[in-house]
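S.K.: In order, the protein sequence lines correspond to chains A and B.
For the first sequence, our numbering assigns the number 1 to the initial residue and increments by one for each residue that follows.
For the second sequence, our numbering assigns the number 1001 to the initial residue and increments by one for each residue that follows.
C-beta atoms are modelled at their ideal positions from N, C-alpha and C, and glycine is treated no differently.
2 protein chains.
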Amino acid sequence: MRRIAPERDQLLAIVAEVFREHGYEGASLTLIGEATGLGKGSLYHFFPGGKEEMARAVIDNIDGWFEENVFAPLRDSADPGAGIEQMLGATDSYFRSGRRVCLVGAFALDESRDLFAGQIRDYFGRWVTHLADALVRSGHGLAEATELAEETIAAIQGALTLARASDDTGVFSRALRRTRTRLGIPPSD
Amino acid sequence: MRRIAPERDQLLAIVAEVFREHGYEGASLTLIGEATGLGKGSLYHFFPGGKEEMARAVIDNIDGWFEENVFAPLRDSADPGAGIEQMLGATDSYFRSGRRVCLVGAFALDESRDLFAGQIRDYFGRWVTHLADALVRSGHGLAEATELAEETIAAIQGALTLARASDDTGVFSRALRRTRTRLGIPPSD
DNA sequence: CGGATATTGTACCGGACGGTACAATGAGTC
DNA sequence: GACTCATTGTACCGTCCGGTACAATATCCG
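#1: How far does the alpha helix (DSSP H) with S1042/B in it extend, from its first residue to its last?
#2: Distance check for Y1094/B and A1175/B, CA to CA, integer angstroms please.
#3: Take the Cβ of R1020/B as the centre, count every other Cβ of all protein chains shown within 10 Å, and call the residue buried at 16 or more, exposed below.
#4: For a test of the three-state rule: what should DSSP assign to A1027/B, helix, strand or coil?
#5: Under a Cβ-count criterion, where at least 16 other Cβ atoms within 10 Å of its own Cβ denotes burial, should Q1010/B be classed as buried or exposed?
#6: When DSSP labels each residue in this structure, what does D168/A get in the three-state scheme?
#7: Between the segment 1129-1153 of chain B and chain A, which residues of the former have CB atoms less than 7 Å from a CB of the latter, in chain order?
#8: When you check each C-beta in the segment 21-49 of chain A against every C-beta of chain B, which residues fall closer than 7 Å?
#9: Which class does G33/A belong to by DSSP, given the choice of helix, strand or coil?
#10: Rounded to whole angstroms, what's the CA-CA distance from L142/A to A78/A? Just pull it up for me.
#11: Report yes or no: is there a C-beta of chain A within less than 7 Å of the C-beta of D1092/B?
#12: Listed in chain order, which residues of the segment 1053-1077 of chain B have Cβ atoms closer than 8 Å to some Cβ of chain A?
#13: With 9 Å as the limit, tell me which residues of the segment 1089-1122 of chain B have their beta carbon closer than that to any beta carbon of chain A; keep them in chain order.
#14: Specify the secondary structure class of S1077/B as computed by DSSP and reduced to three states.
#15: Per DSSP, what kind of secondary structure is L176/A in: helix, strand or coil?
#16: So F1124/B packs on S166/A, CB below 8 Å; how close in whole Å?
#17: Measuring CB to CB, does R1126/B end up less than 7 Å from F1071/B?
#18: Hey, would you say V128/A sits closer than 7 Å to I153/A, going by beta carbons?
#19: Give me the Cα-Cα distance between G194/A and L1031/B, rounded to the nearest whole angstrom.
#20: Output, in chain order, the set of chain B residues within a Cβ distance shorter than 9 Å of I156/A.
#21: Is L1176/B near the ligand NAP, judged by its Cβ being under 6 Å from some heavy atom?
#22: In the DSSP assignment, the alpha helix (DSSP H) including I1059/B goes from what residue to what residue?
#23: Residues of the segment 177-188 of chain A in Cβ contact with chain B at a cutoff of 7 Å, in chain order, please.
#24: Going by beta-carbon coordinates alone, are T1161/B and G105/A separated by less than 7 Å?
#25: For A16/A, would you say it is in contact with chain B, using Cβ-to-Cβ distances shorter than 7 Å as the test?
#26: May I have the straight-line CA-CA distance separating G1026/B from D1122/B, to the nearest angstrom?
#27: Between G33/A and the rest of its own chain, which residues show a CB-CB distance below 8 Å, the 5 nearest in sequence each way excluded?
#28: Could you give the first and the last residue of the continuous alpha helix (DSSP H) run that contains V1070/B?
#29: Of the residues D1110/B, R1099/B, V1101/B and R1100/B, which one's Cα is nearest the Cα of R100/A?
#30: Alpha carbon to alpha carbon, how far is D76/A from I1185/B?
#31: For the alpha helix (DSSP H) that contains R1126/B, what are its first and last residues?
#32: Tell me which residues share the same chain as T1036/B and place their Cβ nearer than 7 Å to its Cβ, disregarding the 5 neighbours each side in the sequence.
#33: Measure from the C-beta of T169/A to each C-beta in chain B and report whether the shortest distance is under 7 Å.
#34: Quick one: is S112/A buried, meaning 16 or more other Cβ sit within 10 Å of its Cβ, or exposed?
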């Protein structure tokens, strides 16, 4: 019986960082090898499908993290407002207040989208849906909740782009603060 | 005396499209050659600095287009509201209602940002500044106008990401509609 | 121990990459 | 026509790309 190695998460996190910083095309196997300390032999042992499988596993891993730390609070919190606040906190810490970029968002922009279209659509779709659900449960109408949710996720993604473009994490913090206000969450600081 | 070839704009537009679709790394000289119908000889004749100079020229060209069609109306329109409406119209048509991606935004996300950091910061900085100016002239306080401007550009960028991720141009249209409402511009349709 | 299986390092593959060299062609000018 | 200079096609460069092959080594388990 084989154990599921817990280091796999750590490995995927490192690979994710390479994809995040260099994009799908820019993340060469050499870079991935250097970052992980693994040679091609090992890399292809863990990911026989090569680079594409690595990226797919990375997206799945990110998706799982969001499922657990972002979507679950939205879905399961008795108080939808508290769930939304948990989501915003998790989002802020995940993106390191805008110092980190959204890998899925970056993949969505260039041609690598074609390879991972399903996973990308899923990730954003579930984020919007779960947030909209929470908003409905906190009293909004369905149509308004859906628009508000879509607006929120777009605001986060846009703030990441702008924060990185201007090299100013303030952009991201301000975007999150505005989001809290708009969604009726009491400001955290 | 040499004429400034008017075809240069057209050439840059084609090269821009390749960068837009494939990203900086993904846009190979072969792809650029095929799209433009030019061999390497011609390409390196027009851009002795190679791919990097091509990208720089493309960003400059885009910047020029925005200067003329987006920033100028914001700056020069007697009625700031009309200027903002012109900016939104130009933005919608430039991004083809979300079918097209923002090249500068895409460059901002991956490592190619390091090469073009100045140009990227400039592009977004001027966009935000000019919009904030117009908002001040239409009666907002400076602080509020700045936040509103930053929020607007982030909303546009995020909507582009989301539209592309979900393959749904409705995302972009809805974002523009919300922006009009938030900025106090009467809806156009 | 032994044997099986998981993991690794290394050498190698064909092809594409960005870039260069340069001779041939084109077009405008006197 | 002859000179000039812009433009182009082509062949080539060294390097890195993603991927494969495979033998050597760990690791686990009986």
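M.R.: Let me spell this out:
#1: Numbered from 1 along the second sequence, position 42 holds the residue referred to as residue 1042/B. Looking at the DSSP string, the run of the alpha helix (DSSP H) that includes S1042/B is K1040 to F1046.
#2: Counted from its first residue, the second sequence places residue 1175/B at position 175. Counted from its first residue, the second sequence places residue 1094/B at position 94. C-alpha separation (whole angstroms): 15 Å.
#3: Here the question's residue 1020/B lines up with position 20 in the second sequence. By the 10 Å Cβ count, R1020/B comes out buried.
#4: Stepping through the second sequence from its first residue, residue 1027/B is reached at position 27. Reduced to three states, the DSSP call for A1027/B is coil.
#5: In the second sequence, the residue the question calls residue 1010/B occupies position 10. With fewer than 16 other Cβ atoms within 10 Å, it is exposed.
#6: Walking along the first sequence from the start, residue 168/A turns up at place 168. It is coil, neither helix nor strand.
#7: E1147, E1150, E1151 and I1153
#8: E21, H22, G23, E25 and G26
#9: Position 33 of the first sequence, counted from the first residue, corresponds to residue 33/A. Of the three classes helix, strand and coil, the one that applies to G33/A here is helix, per DSSP.
#10: Position 142 of the first sequence, counted from the first residue, corresponds to residue 142/A. Position 78 of the first sequence, counted from the first residue, corresponds to residue 78/A. Those two C-alpha atoms are separated by around 19 Å.
#11: For the purposes of this step, residue 1092/B is identified with residue 92 of the second sequence, where counting begins at 1. No, no contact with chain A.
#12: none
#13: V1101, C1102, V1104, G1105, A1106, F1107, A1108, L1109, D1110, E1111, S1112, R1113, A1117, I1120 and R1121
#14: As a working mapping, residue 1077/B is identified with position 77 in the second sequence. Correct three-state label for S1077/B: coil.
#15: Residue numbering aside, residue 176/A sits at position 176 when the first sequence is read from its first letter. Looking at L176/A - three-state DSSP - the assignment turns out to be helix.
#16: Within the second sequence, residue 1124/B is the residue found at index 124, counting from 1. Within the first sequence, residue 166/A is the residue found at index 166, counting from 1. Rounded, the Cβ-Cβ distance is 6 Å, consistent with contact.
#17: As a position in the second sequence, residue 1126/B is number 126, starting the count at 1. As a position in the second sequence, residue 1071/B is number 71, starting the count at 1. Cβ atoms of R1126/B and F1071/B: closer than 7 Å.
#18: Along the first sequence, one-based indexing puts residue 128/A at 128. Along the first sequence, one-based indexing puts residue 153/A at 153. It is a contact, given that the beta carbons lie within the stated cut-off.
#19: Past the boundaries of the shown model lies residue 194/A; chain A is included only from 1 to 189, so the question cannot be answered.
#20: Residue mapping note: residue 156/A aligns to position 156 of the first sequence, counting from 1. Under the 9 Å cutoff, chain B gives A1154 and G1158.
#21: This structure lacks the ligand NAP; in fact it carries no ligand of any kind.
#22: Position 59 of the second sequence, counted from the start, is the residue given in the question as residue 1059/B. That run of the alpha helix (DSSP H) goes G1050 to F1066.
#23: R178
#24: Within the second sequence, residue 1161/B is the residue found at index 161, counting from 1. Within the first sequence, residue 105/A is the residue found at index 105, counting from 1. It is a contact, given that the beta carbons lie within the stated cut-off.
#25: Taking the first residue of the first sequence as 1, we reach residue 16/A at position 16. No, its Cβ sits nowhere closer than 7 Å to a Cβ of chain B.
#26: Here residue 1026/B refers to the residue found at position 26 of the second sequence. Here residue 1122/B refers to the residue found at position 122 of the second sequence. About 24 Å.
#27: Position 33 of the first sequence, counting from 1, holds the residue named residue 33/A. Answer for G33/A: G39, K40 and L43, listed in chain order.
#28: Here residue 1070/B is taken as the residue at index 70 of the second sequence, counted from 1. Neither: V1070/B is in no alpha helix (DSSP H) and is coded neither H nor E.
#29: Position 100 of the first sequence holds residue 100/A. The candidate whose alpha carbon is nearest that of R100/A is D1110/B.
#30: Within the first sequence, residue 76/A is the residue found at index 76, counting from 1. Within the second sequence, residue 1185/B is the residue found at index 185, counting from 1. Distance between the alpha carbons of D76/A and I1185/B: 39 Å.
#31: In the second sequence, residue 1126/B corresponds to position 126, counting from 1. Segment S1112 to R1137, the alpha helix (DSSP H) holding R1126/B.
#32: Taking the second sequence and counting its residues from 1, the one referred to as residue 1036/B is at position 36. Once the five neighbours on either side are set aside, the close Cβ partners of T1036/B are L1011, I1014 and V1015.
#33: As a working mapping, residue 169/A is identified with position 169 in the first sequence. It does not: the Cβ of T169/A has no partner Cβ on chain B nearer than 7 Å.
#34: As a first step, residue 112/A is located in the first sequence; it is residue number 112 there, counting from the start. Burial call: buried.
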